[in-house]
Structure formats: structure tokens, C-alpha cells
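Residue numbers (my numbering), protein chains in the order written: chain V, 946 to 1110; chain S, 946 to 1110; chain W, 9 to 429; chain U, 9 to 429.
All residues carry an ideal CB built from backbone N, CA and C; glycine is no exception.
Please read these numbers as outputs of a predicted model, since none were measured by experiment.
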Ligand SMILES: Cc1ncc(COP(=O)(O)O)c(C=O)c1O
Ligand SMILES: Cc1ncc(COP(=O)(O)O)c(C=O)c1O
């Protein structure tokens, strides 16, 4: 990958965010904040037949958090929830790789534009930024009733997945 | 000075302590303990005409504390209290010198056998041992009513004079 | 010795590093300062030649290391102009120093003889709105434990007084209900230098204990605890070119001698019995367990290092850097200084925002040009709340900072603007 | 790799030192261990090449140092076989780790949601009579704050069970009133290795929290926190060939996640508001302020170092040294071992007394022969009280100790006897 964390893909998504805006028709809404830098995002999802049929978001913050949320939206809309969760997991692994990710080609294909965030994983303080929208999406899906026990509730990111290191 | 902290003078005083034993006729008695090693000493003094006319002691502990108390006894009995206090002060300075004492010849003469303890000052953990009897003597004199405000009371060494460093 | 920044830079090995293929421009000293070789060597030498545990041992190594450790206490006492070496307590960092006081005060509630330090509902603890979290959270927790109320001296967020305490509020917030006043000497978020003597005097007038957070002052200004008039002054070693893992709390002896202990353990006791314990006199009462021996010794070396350069010289060097940097940054379109906009009564720490560009992006893109600055709320979130911003970008300078580096910063920020427009 | 003590010794620069003109024989490792060059270099390298503050910075140096610091956490987690890296908290030393728990527990009194940890009068805290002061005083202070009662599991001071817990007392002292059991794995004063699993299981059976002081175990035995069955295990870096200023607390995640915070400040918060704060998840909740960054990293190196040698190999080496030393010392007329007199269930730390010669004199005269041992109550005064002695002389061994050194010790003690008779 090229030297800059700010690949053109990221800047493009930041300047022209996709699926930004909060749809009227939704099953769940969550609001996540990264308390260390004030980045925030609101995500609404609609599920049907085991798939994410719609997702929209609004947010404020650095280009990484906003672009990542934009990329995430494009990737998960229309996907079966299970696939979206698997993708979220792959992205999480990528972010926790400290710059040493060993992605399979299949994973790379799945992640698509999201691969551009690989450079972020070297910067512990930025990982939460890249994860913000993805974690919100996951919470929203759970909030919408997906999965058995999963009822995380809206609110701040309470797990440590995005902690440095 | 020779290499060993255990100069012959110290070993002699340890094996043949002077003024050991508690006189019946006394103005004040104090009991001091060095809590870090369990050394203890009891000192009784009798004052008259501004001088220490009698002093006796009993104690248990390492050779440094016992020998130092023995040396102290021999030096202060019969001395005007002011001189004894000055001597105590000189000895304290010696002990706090971290092995770099610059004693005047007059001081050396005054300290007499007590000069043998100079080597102890290099060992912060041992300084309290060498000071134990001297501090007790000072407390006992105060206890006996010497000095205006000085009424320290018997008990453990509560000042930090003997702390390491 | 005339101050020469190029000579100084040679003392810091990391300054010859490259980052992203360009020479490092380290402008994050307020976060943590780099270390001169003498400080690095001080720790290494102790371990390689004179190491053992302190205080407890009667052997030669034990005595050497104890003398080195206690010698560092002497150096710090002289650095602060403390009346007595026994007033210097080594802590892990300033955060621990402030918590030590907050816990010692709440221990007074159940500690016999410490009645005068007890806090009860109705009592007030005062901090300012520009405190670092380390000088807010301990007092919030103390208030929670005791029922006392925590109050904040507000700051102005605009106008000529931007980034400064609201002067008229000082005498109001500090009043006869106040028991503790803890405030920052130099703000890490704004660069503001506060009127320490004025606030300490007000605290004294109402009978409150005063505590000065000198984390950002110690590396930049001559400190004289007797002159300041406060009861406690604390700083942190890693910002003073010293190692991580060591900080300092200075306190008036008569207060230290009466305060209940904080941590219990080895070295802080007089005697331990299954039925109860008695405690050592200060400073050992507050230094439980094996201390950060090598770090305290190396902090002593750091103190020697800055003293040899001269704190007034360092202050003068950084003052001109600050004026130079403010001038340079203010040429950038839309850039807003968060804090005092002139070099008067402020230190070498400059926070700013750029319209429409998040501070994280500014800092990250500066990093890609080799320039290390910090972005965030700088552990002083109430400042950001007051200014209505999520975060700032902050450049901060030290003894080794040059005007060339500030030029690089100004150019770098311009480049960031281009990328985002 | 076969264990070879001569190879190991080359790693420790201080071992080539002379003291009083003779080669150093360092037999005070239980007090603090010497440092291999790799550990010394780890700190120095961090400062010279990769230093900045952790967690907060978005720049390259900040990322490198954060990865190094968090990497050390991974190493410690692996060393302890902890289920999760988030269960590893870096503290200053074990003293702070134990105090952290004692304060967190008393904070439960006023902390919403922490009701299950509250201690009230009638509750009991249990330690043993062979604890280090660092595992007594924090609990005395906690008892003072909460009104709970501190109880001691007694030890035997004579007979074949000398230096061991009175087995029949364990189930008696730990009972349904017990809320906390904190006990030492290997005694620093006696060398005794306690039945940790047995005691942890009893604590669990009565619903008490169990805490293991592994200060003297970590350097000498393989540690597996999952196997031990306790809730918390702590150790201190400087005894594990690591630097001063760093220790470790491991705790079960579900407990850490519910315990109230201890120190307040930067990095331990989620968000800070003038009206109150919320706290980060473990481990960061318990790591307020700038951590001992370089020291944690170097502790990671120390863990790598002992792991490469092999903890089982170290245990084996020290076990034979202990047997050898007990044999040698017992040839000395009148010498009394304070603690278990055989090498079974005991570590490489041997306390003894000589009739009519004060331990301080023994240690001092050994020092004059180049031999460093400790004399005193070893911060475990209740042990001395139980044995009716003021102090002991203690020789303790480490990975670099040789049988030649033990021979020197035995000869040295004989010389001391001659001087005093
Ligand atoms: C058994 C035991 N516990 C606790 C401690 C305290 O360790 P530290 O002083 O490093 O906190 C020690 C060592 O002094 C020890 O041997
Ligand atoms: C003003 C101020 N106070 C307190 C602190 C906390 O310092 P430390 O993290 O070393 O405890 C800092 C630095 O982060 C600071 O800038």
C-alpha cells in the first residue's frame, strides 16, 4: 500500500459520503461516540428476511470515521445479516492487526474499499475512528432484534474492541 | 580508617560494655526502639548543677547500637549538659555524612572513641543503630527537665534524624 | 553557558531519527518530553553497577543505591527550593501525587488524629475548568466518598481573556466553605499560565489547602515552592526530560506530618503488628513498597540537566519560540488559536483548530510529513466543552525546539489544508 | 537449551563487580533481583529510538510506543497464562497492586453498582501471619475504613511444620464471614511455598475474593493463573529481573469490569464532564495517568528472558541450590533455620539466626567479604514476633546463583562467628 493513510478512496468517501442521511423507515437506531476524540455517528437499520435491507447514518468527526462509515454502508446494505456480521469481524481483525494483517484474497475481495483502512491499524489511537461506524452498525442490528441474547442497547461503545493495542 | 566497619574499639565496647546497668537514683528514664531491626535501649540519667552526673543503660541489639551506647555513656557522664548536647550534635553530623565527614581536629578530640563509628555513615540502614543510644540520651535529658520547651516524652524515636539518607 | 539549541539537540538521541522518510520534528513535548542521553545512561548505569533495593539492605550495593535514591531527593528539593528534603515524595507520576492527596484526605474520615482534614457534606473542593483530567477525577471521586461538593472556576472562551480564568469568579468560587483548592499552573490544553500566588493566597485566606499542578510548569519555568505560597506542588518526571514512572509531590512538612497515609506496605511503616501499625515520618510514610529507584535517580539527573542549562534560559528560549509560532500559525487562513493568542502569560503549548478539518486528520497528516503533534481533548475535556469544539490540534515545544521546526509546522498545516480542499 | 549458570551470569553486568576488593556474591535476590543487559537495553532503546507518550498520540512515535507498551501486556498475559490481555494491569509494584484492590473495594461503599463488593462491620478479611507488610497494612487500612475485621491464619514456629501455615486453622479462619482472602504464594521471610490452590478453593467455597501475592513466586516458579483458581494474582517487576517502578495485577475480567476505579486521571476515563465522569473498561480503568511506559516494556523483555531460559529450568536450578545451601548452613554450629528446614515446598530463600550475634552484624560482616545478604524482619515483622526473634539474616538465590557462592556464604558465616567469639 502507498505511504499515506489517506488513500484517495478514503478522501473520496469523506468528501462524498454514501448513504448519509437517516431513513424514516427503520427498525433500530443507535448513537455511538468515541469519547477520546468526540467522533460520533448515528446509524439506522432496517432488517427483513434476515438481511439488512436499508441503512443510513449521520455523523461528525474525522475523515477516517466518516469515510469508514460510508464504506461500511455501501458494503452491508442488501447483505444477509450473517454475512454483514462476518464482514464486520474481518474488518475488526484487520484493524487489530497492527499493520501486519495477512488477509486472504477472499477477505480482500469481501472488504473491497474497506481494505484502504489497513494503514490505520498501525495507529492505535485511530483504530476506534475506523471502527466507529462498524460497531454502531453491529449494535443497531442487535438492537433490531437480530441474534438470541444480543441486546446491547444503544449508547456508547462499551466493549474494548477498539482500545489501543 | 581501616576497611572494616568493625574496628577493634567497637568490638571491645560490644564485648565489654561500659555503664551498662540501670542506676537506682535517676531523674528520667527513656526506652527507644529501632523498629526496623528491633534494637532497643533503655537509658536513665541524673542531672545536677547543669551536668549529667550519672547515666546507665540497658539494651539489646547489634554490636553497633550496643557499642555506640557504651561509648556515648563514657563520653557524657560528668559533662555539662550543654556540652553533651553539642557532642550529640557533632555525632549526628558525623553519622549523616555518608562517609564524607570533614571533622575538625577539635571535633575528633571531643568524639574520642566515637570517631570509630564514622564507617557506619556510609550505610544508611545502619545509621539508626549507631544513633540509638545517643537519641535516647538526648530524650532522657529533655525528659529530666533540661531546656525550656523540650518535653519529648519517653517513647519511640519520632524524629527523622536517623532516617536513611 | 550561553543557550545554544543546536548543542542541546545533540544530547537527545531520538532527534536524529527519521519518520516517514523525513527527519523527525517533535512538537509534542507537553505530552511527554524526549530524554537526553545522560538521563538514559543514569538508569542504565545504576542497574549495571550499583543496583540493589533501597533502605532495607545493610550491604554495599544497598548503601550505594540508597544514597543515589536519597541523593535524587536532595536534587529535587533544591530544584523546587523546598525548605526540607523530607518534603519531597516520589510518586509514579503527577496523577498519583494528586490521588495521594485525595485519598489521604478521605482517609482522614476514619483516621484518629486527622480530624482537621475531614471533608463532610457542605464542604467544597475547588478546581478550574482548565484542569487536566488527572486534577478533576480524583476530586470527583473524593467528593463521591465524602459528600463534599466539587466546584469549578470558569474560563473565558472568547475575547481578549480567551483561555484564562474568569478573574472575578476566583474570590466567589473560593470561599469560606472551600477546604481544598487544586489548580493548574500552566494549562496543557491552552498554554495559559495562571496567577498561582493570587489563587494560593485566596485559598490561604479562607483556610483551604492549596495544591498546584505544575506538570506543565516544571519543564518550562523556574519553580520556587516557597515563593508560590501553596501547600502542595506536584509535577511529573517524563515531561521534565526524565524517565517514565516517576513524579514528585512536594508538601509543607507540618501538613505531611499530620496527613494519614495513602498506600500501605513496606517502608512506610514504623512498626507492624497483627493488631495494628504505626507509620513512618514523611517522606517515607508516603512511599510504600519498593520505589521507582532507577527512575528517581534518573529524574535527579534530568533535574541536573535542566539546571545546568538554566531554567531562566529555557523559559526565554521557549518564550521566543511561542511568539514566533503564534505569528506563523496566525498567517494560516481560518486557523483559530484555542487559548491566549499572544505570548503573554502563556507557555510554549499552542492549541488550534482549522475550519472543517478534524484535528485527528491534521495531526495524522502532519505525522506523514514527519511532524509529531497531538490531537484530541488533551485530557482536558471541559476546555473543549467550554469552547464548543470536539478537539484541537496542539503543538508544544521544549528545550530542543527550533524555529526551523516551527516553520515546518506552518508549512505542514498549509499542506493539510490543501489536501482537504 | 540446557541450563548453564555461567552462560546466564554473563548476561548480568553487575555480577562482574567487586565489593570491598573481592568479587561480588549477590545473595539478596529476594529483596531485588539484578538485571540482565537485555532489560537495561530495552528501556534505553525505547527512549533513544521510539519514545513518546502512549495511547493519546496519533503520530508514528506515539504508535510505536503504544504498540510496545501494549505488546508488553501481551507478553505478561502469556507468562501468566491469563485468559485475556485485558486482565493485565500495570502498577508501580506489587504494593500498589494490593492497595489498588483494597481501595477499589472500599470505594464500593459509595460507588453506584458496586454493592456486591461492599465491606461492612462483621465482614472479615483474612491474611496469614507470614505476609509481607505490603499484604498486611493495606488490609489494616481497609478494615479501618470499612469497620471490617482483619484476621490472620497462624503459622507454626517450631517442629517439623516450622514456617508453615497451621493447616487446621485454614478452614476455621476462612469462613462464611470472610469477604477477602489475601495470601502469599512463597514467603519472602521463610521461603515457604503455600498450598495456593487449597486456600483459593476454600475462599471460593465461602464466596470470598482470593488474592495471591506472587512477588516471590513469579521469579522462581511457573505461574498459571487459570490453574491456581484465585481471583487476583500480583507480582512485582524488580524481583523478576525487570526494572524498578513496574508491577502487575492480574484479575478475572468479570471482577475487574465491576470493581470501582482506584486512581482517577487521564486514560482511565471514558468521558469527563464537570458533572461527573464515566470510566474506561479494564485494564485502562485501573491505569490512571501516564504509565511507567519504558518500565513495562522492559518488564516484557524480562519475561521474554526468563521464558527463554525456562521457568521449569529456573525452578530446578534453584531447588538444588536450596538443598545445597541448607546442607551447608546446617554444618554451622548453633545456626538455626527460620522456616522449613528441608528443600520440600520451599523456595530459594533461607533465613537463619546465629546465637548471640545480631543479624545486622552478620550481614555487615558478610558484606565486608563481598557477600550481599539481607538482615532484618524482611518487612514481615509478625513472622519474627511469632518466632520470638528481632530479626534474621537471609540469603536468597536467583537464576545466576552458583554453588561456589553458597560455599562462600558458609565460609563467610563461619568467619563472622570467629570475629564474635
Ligand atoms: C512476598 C512479598 N510481597 C510483597 C513485596 C513487596 O514488593 P514491592 O516492594 O515491590 O511492592 C515483597 C518484596 O518486598 C515480597 O517479598
Ligand atoms: C497539566 C497536567 N496535569 C497532569 C498531567 C498528568 O500527568 P501524568 O500523566 O504524568 O500523571 C498532565 C499531563 O498529561 C498535565 O499536562
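If you measure beta-carbon to beta-carbon, which residues of the stretch 237-251 of chain W are closer than 9 angstroms to chain U? Taken in chain order, the members of the stretch 237-251 of chain W whose beta-carbon sits within less than 9 angstroms of a beta-carbon on chain U are 244, 246, 247 and 251.
Classify residue 160 of chain W as helix, strand or coil using the three-state DSSP reduction. In this structure, residue 160 of chain W counts as strand in the three-state DSSP scheme.
Cβ-based neighbour list, residue 992 of chain S, same chain, cut-off 6 angstroms, excluding 5 preceding and 5 following: Closer than 6 angstroms at Cβ, skipping near neighbours: 972 and 1089.
For the structure I just gave you, are there three or more beta carbon pairs, one from the stretch 136-149 of chain W and one from the stretch 319-337 of chain W, closer than 8 angstroms? Result no; under three Cβ-Cβ pairs closer than 8 angstroms.
So, do the stretch 236-244 of chain U and the stretch 99-106 of chain U have three or more beta carbon pairs nearer to each other than 8 angstroms? Touching, per the Cβ criterion.
Taking beta-carbon pairs under 9 angstroms, can you tell me which members of the stretch 18-45 of chain W lie near chain V? Residues 28 and 29.
Check whether the Cβ of residue 385 of chain U sits closer than 7 angstroms to any heavy atom of ligand 1, and report yes or no. Because no heavy atom of ligand 1 lies under 7 angstroms away, the Cβ of residue 385 of chain U does not count as near it: no.
Taking DSSP's pairing of strands, which residues face residue 992 of chain V in a bridge? Under DSSP, residue 992 of chain V shares a beta bridge with V:997.
Can you give me the start and stop residues for the beta strand (DSSP E) that residue 135 of chain W sits inside? Where residue 135 of chain W is concerned, the enclosing beta strand (DSSP E) stretches over 132-136.
So what does DSSP say about residue 11 of chain W, is it helix, strand or coil? In this structure, residue 11 of chain W counts as coil in the three-state DSSP scheme.
Taking 7 angstroms as the cut-off, does the CB of residue 292 of chain W come closer than this to any heavy atom belonging to ligand 1? Residue 292 of chain W: no, Cβ never under 7 angstroms from ligand 1.
How big is the Cα-Cα spacing for residue 413 of chain U and residue 89 of chain W? Spanning the two alpha carbons is a distance of roughly 46 angstroms.
For residue 11 of chain U, which of U:276, U:316 and U:352 has the nearest alpha-carbon? Closest option to residue 11 of chain U, Cα to Cα, is U:316.
Can you check whether the C-beta of residue 300 of chain W is within less than 8 angstroms of a C-beta belonging to chain U? Yes, residue 300 of chain W counts as interfacial toward chain U.
With 9 angstroms as the C-beta to C-beta threshold (strictly closer), list the residues of the stretch 386-414 of chain W near chain U in chain order. Within the stretch 386-414 of chain W, the residues whose Cβ lies closer than 9 angstroms to some Cβ of chain U are 386, 387, 388, 389, 390 and 393, listed in chain order.
C-alpha distance - residue 1105 of chain S paired with residue 101 of chain W, whole-angstrom precision: Bear in mind that the predicted position of residue 1105 of chain S carries a pLDDT of just 31, short of 50, making it too unreliable to give a figure here.
Can you tell which of S:1013, S:1051, S:1035 and S:1066 has the C-alpha that lies nearest to the C-alpha of residue 956 of chain S? Measuring from the Cα of residue 956 of chain S, the nearest candidate turns out to be S:1013.
Whole-angstrom Cβ separation of residue 1085 of chain V and residue 989 of chain V, contact assumed at under 8 angstroms? About 7 angstroms separates the two Cβ atoms, so the contact holds.
Which residues in chain W have a C-beta closer than 7 angstroms to the C-beta of residue 1078 of chain V? List them in chain order. Result: empty, since nearest Cβ-Cβ is about 15 angstroms, beyond 7 angstroms.
Using a beta-carbon distance below 8 angstroms, is residue 950 of chain V in contact with chain W? Yes, contact with chain W.
So is residue 985 of chain V buried or exposed if we call it buried at 16+ other beta carbons inside 10 Å? Residue 985 of chain V should be labelled buried.
Under a three-way DSSP split, which group does residue 194 of chain U fall into? Strand at residue 194 of chain U.
Please state whether the Cβ-Cβ distance between residue 173 of chain W and residue 346 of chain W is less than 8 angstroms. Contact flag unset, no.
Can you give the Cα-Cα distance for residue 307 of chain W and residue 1055 of chain S, rounded to whole angstroms? Near 40 angstroms, if we compare the C-alpha coordinates of residue 1055 of chain S and residue 307 of chain W.
For residue 87 of chain W, which option in W:208, W:257 and W:127 has the closest C-alpha, if you only look at C-alpha atoms? The residue from W:208, W:257 and W:127 with its alpha-carbon nearest to that of residue 87 of chain W is W:257.
Along the stretch 979-1001 of chain S, what residues have a CB closer than 7 angstroms to any CB found in chain U? Legend: CB atoms of the stretch 979-1001 of chain S lying less than 7 angstroms from CB atoms of chain U belong to residues 981, 982 and 983.
Whose C-beta lies closer than 7 angstroms to the C-beta of residue 996 of chain V among residues of the same chain, with five residues either side of it excluded? Contacts found: 1023, 1024, 1025 and 1026.
Measuring only the C-alpha atoms, how far is residue 8 of chain U from residue 399 of chain W? Any question about residue 8 of chain U goes unanswered here, given that chain U covers just 9 to 429.
Report the option in U:314, U:296, U:394 and U:250 whose CA atom is closest to the CA atom of residue 39 of chain U. Proximity to residue 39 of chain U across U:314, U:296, U:394 and U:250 peaks at U:250, based on C-alpha coordinates.
With C-beta atoms as the reference, is residue 430 of chain W less than 8 angstroms away from residue 201 of chain W? This structure cannot settle anything about residue 430 of chain W, because the visible part of chain W is limited to 9 through 429.
With a CB to CB cut of under 6 angstroms and the five nearest residues on each side skipped, what residues in its chain are close to residue 388 of chain W? These residues qualify, in order along the chain: 140 and 197.
Of all the residues that make up the stretch 250-278 of chain W, which are near chain S by a beta-carbon distance shorter than 7 angstroms? Under the 7 angstroms Cβ criterion, the stretch 250-278 of chain W contributes 278.
For chain U, check one thing: does any of its Cβ atoms lie closer than 8 angstroms to the Cβ of residue 320 of chain W? Under the Cβ distance rule, residue 320 of chain W does not count among the residues neighbouring chain U, no pair being separated by less than 8 angstroms.
Residue 142 of chain U CB to nearest chain V CB: under 8 angstroms? Not an interface residue.
Between residue 420 of chain W and the rest of its own chain, which residues show a CB-CB distance below 6 angstroms, the 5 nearest in sequence each way excluded? Counting only Cβ-Cβ distances below 6 angstroms, and skipping sequence neighbours, we find 374, 377 and 379.
Once DSSP output is grouped into helix, strand and coil, what is the label at residue 1003 of chain V? In the three-state reduction of the DSSP assignment, residue 1003 of chain V falls in the strand class.
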